[in-house]
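*Asks:*
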């Protein structure tokens, strides 16, 4: 063993390696991404790792590996689980041979997600057992435990960190590579009575799954993962308790350190719920406050336990208005809630009245080619009846002022369906769907096929910056690199579109503003489905040494550059535009729109 | 002794590396460290923070309001934003240089860093304002604000670590060709 300072996601990756994982796959998504990246960095030569094209494919790969007796880990964020839910729901009925751990990172807040869905609730729905770590250290232990459980009970097992667990850092003790478990896959053994799902098999296995989960309720009641602190509190005369799990446990324990004697139930296995342990916890308590994020999951389970066992304990939490229904908990929110629950006074800090603070919504980077793409479409379609359907990625930030170029955003790939549908209803509306290159491969292809075959009319804009930018630059089929370090033939977006039957496919550099505008103008009015690929690399990956400079003598102070494109490297000082050399990437978009020709430098885009 | 430290600024200013250097230095002294920081969409020009806690008996990497011994403000407005986390007698080290958000550039009023600094001076007794423009010019790189502020903190004794500990951390975490520059930045406020 040795100590390392690790991010929660890194600890999970090292835990998987220590458990002898054979195959790791997934699709990037904050806050889950670093798990697979760390595996790729620190893996032994015989471990297979890939970023799959989407979560559904990743889940199927992991399932296949587990059929063959391999230990497999599949990683995604909570939204990704929606994509992977079809294979997972069925996998639970089929079962596994090798350990299969499904890592799903939830995002209370939400900080970088569309929903505040709770994978604990998904676990109950899918019948898949779930472990819920409260720290990086626990996550390291739990992923190893998860592989053992998965193999012992022949079921996929969820490990569900939340953002603060995944992205928190701690100095923790981890195994040396020589101490890692060596797990060898037996190989796939043909047995159609086991691996081919049919109604009769599902019927039989459903019964077994329910029996197993009943058994796990008892097993988890005795597990060290779940506990009552302090265990001996029946003697101490305590009448109040707190039930918690996940990262909220750390908030509760900090509050408890300040606010004294409280009986705490820590639930690390929300599904199957440790029912007998909960009964032990509840007996003798008058009131219990449930401190958790996302769904009132523990709260509902305790209400159920009270009903089932005829207990009189009052269960308080989100459902009773004692805890917020949405958003993240914090040290302060939990401290206040616990103080109110204990009828303790809350010290109030002196009120400060600071000057108005600047608002800092996230923005597209200086020099980001997406800015140029959005601006070109905006200029080309000025005055026309349009809709701009956005998608998930950095380019969602195209909604910010002054670009204001995202009218809808739902989930990955959804912009294509929405754009097609709106044109069916309003023939005079020019409909656009914007999709990134990674999202194109992940979830846009069925939408394109649908549009071509069903005679839709819209313009597909592929924003191709040759990477998965938002999550930190992961490779995808258009990049020509794999996580195994191979350089491979790229899948051509142009060829894919042409193969599907899109007859007009234009590729243009968005930073050549005049040409980009001209291309949009002539393409948008063609009938049927047409595509424009705006291709220019992500500036965070390919940093230019060039910088734009404003000639103050030529600048007429019209602010057009600032008003039109909202570049963070541009500001206005003493009546003139100025560029910030620390941010500018020399993309030259500002120079191309300056009416006075006052901006120079940068890369030529002709 | 336990220490709660907050580093705050704007995405891209190097708060994460600064936090990592403190953690590495503390670990080399066998002090347990917990930390948490902003990752993801907010990194694109948004407000970012790192919470860093050193010492024994800690559960959460997050710091509560009124609990920070030290705030390192990489940007005046962001330092004001996180001021409620500072202990009543806590220490703050802040860069005087603002980072203008696009929203301020678009509006007529903009935002004035001097007002932020004046406000901090009115309510933080242990405040150090670092003239970042001058410091960066004298050190000779626009990219080392994080090391300059870290240096100010370690030389004031606020970290409970020695400058040498941080230099060792620089040697561990940063490529060799940048060592001299980073040491100069660390010692700028000595």
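Chains as they are written, first to last, in the working numbering: chain X, 87 to 692; chain F, 549 to 738. Ideal Cβ placement from N, Cα and C applies to all residues, glycine included.
(1) Taking 8 Å as the CB-CB cut-off, is residue 449 of chain X touching chain F?
(2) Within 10 angstroms of its Cβ, does residue 510 of chain X collect 16 or more other Cβ (buried), or is it exposed?
(3) Tell me which residue opens and which closes the beta strand (DSSP E) that residue 634 of chain X is part of.
(4) Applying a beta-carbon distance threshold of less than 8 Å, which residues of chain X neighbour residue 563 of chain F?
(5) Can the beta-carbon of residue 626 of chain F be found closer than 8 Å to that of residue 558 of chain F?
(6) May I ask which residues mark the beginning and end of the alpha helix (DSSP H) holding residue 393 of chain X?
(7) Can you pull the chain F neighbours of residue 459 of chain X, defined as C-beta to C-beta under 8 Å?
(8) Could you tell me the alpha carbon to alpha carbon distance between residue 458 of chain X and residue 114 of chain X, rounded to whole angstroms?
(9) Whole angstroms is fine: what's the gap from residue 696 of chain X's alpha carbon to residue 148 of chain X's?
(10) Based on DSSP bridge pairs, tell me the residues matched to residue 345 of chain X.
(11) Ends of the alpha helix (DSSP H) at residue 189 of chain X?
(12) Can you give me the C-alpha to C-alpha distance between residue 679 of chain F and residue 573 of chain X, rounded to a whole angstrom?
(13) Give me the residue from X/374, X/501 and X/603 with the minimum Cα distance to residue 405 of chain X.
(14) Just checking, does the stretch 610-621 of chain F make contact with the stretch 270-283 of chain X on the three C-beta pairs under 8 Å criterion?
(15) Can you tell me where the beta strand (DSSP E) holding residue 245 of chain X begins and where it ends?
(16) For the stretch 171-186 of chain X against the stretch 492-506 of chain X, are there 3 or more C-beta pairs whose distance is under 8 Å?
(17) Determine which residues share a DSSP beta bridge with residue 616 of chain X and list them.
(18) Under the three-state reduction of DSSP, which class applies to residue 598 of chain X: helix, strand or coil?
(19) Consult DSSP for residue 624 of chain X and reduce its assignment to one of helix, strand or coil.
(20) Which first and last residues belong to the alpha helix (DSSP H) in which residue 694 of chain F is found?
(21) So is residue 421 of chain X in contact with chain F if we call contact Cβ pairs under 8 Å?
(22) Report the neighbours of residue 58 of chain X on chain F: residues whose CB is nearer than 9 Å to its CB, in chain order.
(23) According to the neighbour-count rule (16 or more other Cβ atoms, all chains shown, within 10 Å of its Cβ), is residue 333 of chain X buried or exposed?
(24) Should residue 606 of chain F and residue 571 of chain F be called a contact, given that it needs their Cβ atoms to be closer than 8 Å?
(25) Quick one: does residue 288 of chain X have its CB under 8 Å from some CB of chain F?
(26) Whose C-beta lies closer than 6 Å to the C-beta of residue 639 of chain F among residues of the same chain, with five residues either side of it excluded?
(27) Please confirm whether residue 91 of chain X and residue 575 of chain F have their CB atoms less than 8 Å apart.
(28) So residue 445 of chain X contacts chain F; which residues on that side make the cut at Cβ distance below 7 Å?
(29) Which residues, in order along the stretch 629-661 of chain X, keep a beta-carbon less than 8 Å from a beta-carbon of chain F?
(30) Using a Cβ-Cβ cut-off of less than 8 Å, list which residues of the stretch 663-681 of chain F approach chain X; keep chain order.
(31) Give every residue of the same chain whose Cβ lies closer than 7 Å to the Cβ of residue 669 of chain F, excluding the five residues on either side of it in the sequence, and list them in chain order.
(32) How would you label residue 658 of chain X, buried or exposed, when you count the other beta carbons within 10 angstroms and need 16 or more for buried?
(33) Between the stretch 230-250 of chain X and chain F, which residues of the former have a C-beta closer than 9 Å to a C-beta of the latter?
(34) Do the stretch 557-577 of chain X and the stretch 638-646 of chain X touch if we need at least three Cβ pairs shorter than 8 Å?
(35) Should the stretch 442-452 of chain X be called in touch with the stretch 471-478 of chain X, which here means at least 3 C-beta pairs below 8 Å?
(36) Using 10 angstroms around the beta-carbon of residue 236 of chain X, count the other beta-carbons present and answer buried if the total reaches 16, otherwise exposed.
*Replies:* If we stick to the structure as given:
(1) Cβ-Cβ to chain F under 8 Å: yes for residue 449 of chain X.
(2) The Cβ neighbour count for residue 510 of chain X, taken over all protein chains shown within 10 Å, is under 16; the residue is labelled exposed.
(3) It spans 634-636 - the beta strand (DSSP E) in which residue 634 of chain X sits, taken as one unbroken run.
(4) At a beta-carbon threshold of 8 Å, none of the residues of chain X lie near residue 563 of chain F; the nearest stands roughly 13 Å away.
(5) The criterion of a C-beta distance shorter than 8 Å is satisfied by residue 626 of chain F and residue 558 of chain F.
(6) If you look at residue 393 of chain X, you'll find it in the alpha helix (DSSP H) that goes 383-395.
(7) Residues of chain F passing the Cβ test: none, with the nearest at roughly 16 Å.
(8) Rounded to the nearest angstrom, the two C-alpha atoms are 25 Å apart.
(9) Residue numbering for chain X in the displayed model covers 87 to 692; residue 696 of chain X lies beyond these limits and cannot be assessed.
(10) BP columns for residue 345 of chain X are empty, so no partner.
(11) Residue 189 of chain X: not part of any alpha helix (DSSP H); member of the beta strand (DSSP E) spanning 186-191, first to last residue.
(12) One C-alpha to the other measures close to 48 Å.
(13) Closest option to residue 405 of chain X, Cα to Cα, is X/374.
(14) The stretch 610-621 of chain F makes no contact with the stretch 270-283 of chain X; the number of CB pairs closer than 8 Å stays below 3.
(15) 243-245 is the span of the beta strand (DSSP E), which, as asked, contains residue 245 of chain X.
(16) Flag = no, the stretch 171-186 of chain X and the stretch 492-506 of chain X do not touch.
(17) The partner list for residue 616 of chain X (beta bridge, DSSP) reads X/545 and X/590.
(18) Three-state result, residue 598 of chain X: coil.
(19) It is coil, neither helix nor strand.
(20) Its alpha helix (DSSP H) spans residues 693-703.
(21) Yes, contact with chain F.
(22) Nothing in the structure corresponds to residue 58 of chain X, since chain X is present only between 87 and 692.
(23) By the 10 Å Cβ count, residue 333 of chain X comes out buried.
(24) It is not a contact, given that the beta carbons lie outside the stated cut-off.
(25) False, the Cβ-Cβ gap to chain F never drops below 8 Å.
(26) Here the set comprises 618, 674 and 706.
(27) Yes; because the gap between Cβ atoms is below 8 Å, this pair is in contact.
(28) Correct list: 649 and 651.
(29) For chain F, the residues of the stretch 629-661 of chain X that bring a beta carbon within less than 8 Å of one of its beta carbons are 648, 649, 652, 653, 654, 656, 657 and 658, in chain order.
(30) Closer than 8 Å at the C-beta level to chain X, one finds these residues of the stretch 663-681 of chain F: 663, 664, 667 and 671.
(31) Same-chain partners within the cutoff: 675.
(32) The residue in question, residue 658 of chain X, is buried, as its Cβ has 16 or more Cβ neighbours within 10 Å.
(33) Only 249 and 250 from the stretch 230-250 of chain X bring a Cβ to less than 9 Å from some Cβ of chain F.
(34) At 8 Å Cβ cutoff, the stretches do not touch.
(35) The stretch 442-452 of chain X vs the stretch 471-478 of chain X: no contact.
(36) Per the 10 Å Cβ criterion, buried.
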